[in-house]
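Under the numbering used here, the letters of the sequence shown match residues 4 to 269, in that order.
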Amino acid sequence: MCPPDFYGIEYEINPWMSRSKQSDPALARQQWESLHQLLQKQNAKIELMTPVKGLPDLVFTANAGLIWKDLVFLSLFRHEARQGETPLDRSWFENAGFETIEMPEDFFFEGAGDALFCGDTLFAGYLIRSDVRALQWVAEKMHCRVIPLQLVDDFYYHLDTCFCPLSETEAIYYPPAFDEYGQQALKEYIPHLIPVVKAEAQRFACNAVVLGETVVMNTGCPQLEADLQQRGYQTLSTPLDEFIKAGGSAKCLTLRLDGERAAVWP
4 MCPPDFYGIE YEINPWMSRS KQSDPALARQ QWESLHQLLQ KQNAKIELMT
54 PVKGLPDLVF TANAGLIWKD LVFLSLFRHE ARQGETPLDR SWFENAGFET
104 IEMPEDFFFE GAGDALFCGD TLFAGYLIRS DVRALQWVAE KMHCRVIPLQ
154 LVDDFYYHLD TCFCPLSETE AIYYPPAFDE YGQQALKEYI PHLIPVVKAE
204 AQRFACNAVV LGETVVMNTG CPQLEADLQQ RGYQTLSTPL DEFIKAGGSA
254 KCLTLRLDGE RAAVWP
């Protein structure tokens with residue numbers, strides 16, 4: 004995680020962002036701290052990154068890269084406003100003992116924001132931010148199956164805004180964010196899908212942090228919480244509205260450094 008010392012709406016690169024609707028720095032800090040503390044109470048060990056002025060989206064560490072064992076596939080951001088994050092991410096990962104891999108030139112790839120394992124399959128969101136060829140390149144390096152999913156709604160510009168693996172066989176998703184092929188592919192490869200209604204998708208219900216049987220998310224998603232509880236999950240919610248103003252929530256604010264329960268790495 005990265006503290007929100009310099010977080011704010013300094014540019015507009017997705018439909019959620021508006022410089023005329025600024026975040027409240029004090030409230031953003033409070034909400035970030037609440038998420039941080041909530042995760043720690045679930046016995047998560049959290050490593051921190053140093054925030055940097057002029058890089059307001061550094062707080063969204065999910066986009067730093069894709070972790071695979073002791074390797075990190077570093078992001079190559081599509082928008083210039085975020086490209087300054089990558090050298091800092093590279094340095095942090097290398098100091099933490101990871102081997103970093105850079106994307107080929109013009110292979111836009113935005114890390115765990117667009118690449119999520121469910122079982123031994125890498126589900127990959129493309130078109131709005133990441134390129135399909137970049138996602139295929141990453142999958143080839145890992146020798147794993149990749150299922151490209153075309154994202155068709157600019158409000159759900161990263162895969163993790165509309166899809167959240169829970170286990171090897173379960174995932175949360177917002178169907179209208181995907182084209183018809185993507186919806187069918189998800190149904191074919193994931194036995195148990197939990198659809199999210201529009202009002203809760205707009206509350207970033209899919210942008211949740213999964214810690215074993217516990218799912219941490221933004222407030223305002225009662226239907227999803229009920230669906231998850233019915234399946235045996237514990238749900239915890241904490242307000243993250245200041246980060247939704249930039250198009251992010253709980254998942255965007257974190258990057259798992261170990262293997263997630265949903266991921267069976269080949």
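Every residue, glycine too, gets a C-beta built ideally from N, C-alpha and C.
All figures in this text were calculated on a predicted structure; none of them were measured in a lab.
Can you tell me whether DSSP reads residue i as helix, strand or coil?
| i | result |
| --- | --- |
| Val155 | coil |
| Ala84 | helix |
| Trp140 | helix |
| Ile12 | coil |
| Val55 | coil |
| Tyr184 | helix |
| Leu42 | helix |
| Thr89 | helix |
| Tyr192 | helix |
| Pro168 | strand |
| Thr64 | helix |
| Ala31 | helix |
Using CA atoms only, rank isn't needed, just tell me which of the options is closest to residue i.
| i | options | result |
| --- | --- | --- |
| Val149 | Glu171, Asp123, Phe158 and Leu162 | Asp123 |
| Ser78 | Ala99, Thr257 and Asp117 | Asp117 |
| Thr238 | Pro225, Thr217 and Asp230 | Thr217 |
| Gly223 | Gly215, Tyr10, Val200 and Pro168 | Val200 |
| Leu130 | Asp261, Cys121 and Tyr160 | Tyr160 |
Looking at the secondary structure, which residues open and close the beta strand (DSSP E) in which residue i lies?
| i | result |
| --- | --- |
| Leu74 | Leu74 to Leu77 |
| Ser195 | According to the sequence provided, residue 195 is His. The question's Ser does not apply to it. It spans His195 to Pro198 - the beta strand (DSSP E) in which His195 sits, taken as one unbroken run. |
| His268 | As written in the sequence, residue 268 is Trp, which differs from the His given in the question. No beta strand (DSSP E) contains Trp268, which DSSP labels as neither H nor E. |
| Ile247 | That residue, Ile247, is in no beta strand (DSSP E); its alpha helix (DSSP H) goes Asp244 to Ile247. |
| Glu102 | Glu102 to Ile104 |
What distance in whole Å lies between the Cβ atoms of residue j and residue i, which are believed to be in contact at a cut-off of 8 Å?
| i | j | result |
| --- | --- | --- |
| Asp134 | Phe101 | Incorrect: roughly 23 Å between the Cβ atoms, too far for contact. |
| Ile104 | Leu125 | Contact flag wrong, Cβ pair sits at about 15 Å. |
| Pro151 | Leu138 | 6 Å |
| Ala47 | Leu214 | 6 Å |
If you follow the alpha helix (DSSP H) that residue i is in, where does it begin and where does it stop?
| i | result |
| --- | --- |
| Gln237 | Element bounds for Gln237: not the alpha helix (DSSP H) but the beta strand (DSSP E), Gln237 to Ser240. |
| Leu115 | The amino acid at residue 115 is misidentified as Leu; the sequence shows Ala. Premise fails: Ala115 is in no alpha helix (DSSP H) and is neither H nor E. |
| Leu162 | No alpha helix (DSSP H) holds Leu162; DSSP gives it neither H nor E. |
| Glu263 | That residue, Glu263, is in no alpha helix (DSSP H); it is neither H nor E in DSSP. |
For the ligand HEM, is there a heavy atom less than 8 Å away from the beta-carbon of residue i?
| i | result |
| --- | --- |
| Pro151 | Although the ligand HEM was asked about, the structure shown includes no ligands whatsoever. |
Q. Is the segment 246 to 257 close to the segment 52 to 63, with three or more CB pairs under 8 Å?
A. Three or more Cβ pairs closer than 8 Å define a contact, and the segment 246 to 257 meets that threshold against the segment 52 to 63.
Q. Should the segment 256 to 268 be regarded as contacting the segment 34 to 54, the criterion being three or more beta carbon pairs within less than 8 Å?
A. Touching, per the Cβ criterion.
Q. When the Cβ atoms of the segment 79 to 90 are set against those of the segment 170 to 189, are three or more pairs found closer than 8 Å?
A. Touching, no.
Q. Should the segment 202 to 221 be regarded as contacting the segment 168 to 181, the criterion being three or more beta carbon pairs within less than 8 Å?
A. Touching, per the Cβ criterion.
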